Amino acid sequence: MTQANSQILTDQPERSVKRAIGRGLLLRCPDCGKGAILHSYLKVNETCDCCGLELSRAKADDGPAYLTILIVGHIVGFAMHFSFVTWRPEPITMVTIGLTLAITSSLIMLPRMKGLIIGFQWAKRMYGF
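Using our numbering, read the sequence shown as starting at 4 and increasing by one per residue.
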């Protein structure tokens, strides 16, 4: 890295990672916190409607799916183990409740994980943010 590139990177103000991740979890623009980052279930807006931040640079790829599976798998796995040890329900009951819980929580969590990753990328100035 040259001296000029180093100087450019240090002149930019620090961005709050916590605030950006929090706004991402709320599916809001990581910069202003007002505009939506998604215009359908998982499609990223080209730009923020409020501040004009170019959101199309985000590269979430498979990250949201991995995070969702990691979190949901732990929650549902623990819940199924706890319910089996405590109440000993029928296997079909456990499968039905476990699948319903896993699918519902995954569908709720997946867009928020995408927002989290977009917020983190913006805070760390990744991919040209």
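The beta-carbon is built from N, C-alpha and C at its ideal position, and this holds for glycine as well.
Here the structure is a predicted model, which means the values were calculated and not measured.
Query raised in the report: Is it true that the CB of G36 sits closer than 8 Å to the CB of L119?
Result: Here L119 is not near G36, since their CB atoms are 8 Å or more apart.
Query raised in the report: If we ignore side chains and look at the alpha-carbon of each, how far apart do M116 and I100 end up?
Result: For M116 and I100, the distance between alpha carbons rounds to 23 Å.
Query - Bounding residues of the alpha helix (DSSP H) (the contiguous stretch that carries G66) - result: G66 to W90 is the extent of the alpha helix (DSSP H) around G66.
Report task. Give the C-beta separation of Y130 and R60 to the nearest angstrom, bearing in mind that I take them to be a contact with Cβ-Cβ under 8 Å. Result -> 5 Å
Requested in this report: Can you grab the Cα-Cα spacing for the pair T96 / P67, in whole Å?
Outcome: If I take the Cα positions, the gap works out to 29 Å.
Query raised in the report: With distances taken between CB atoms, is the gap from L30 to P114 smaller than 8 Å?
Result: In this structure, P114 lies closer than 8 Å to L30 by Cβ.
Query raised in the report: Between which two residues does the alpha helix (DSSP H) harbouring K117 extend?
Result: P94 to A126
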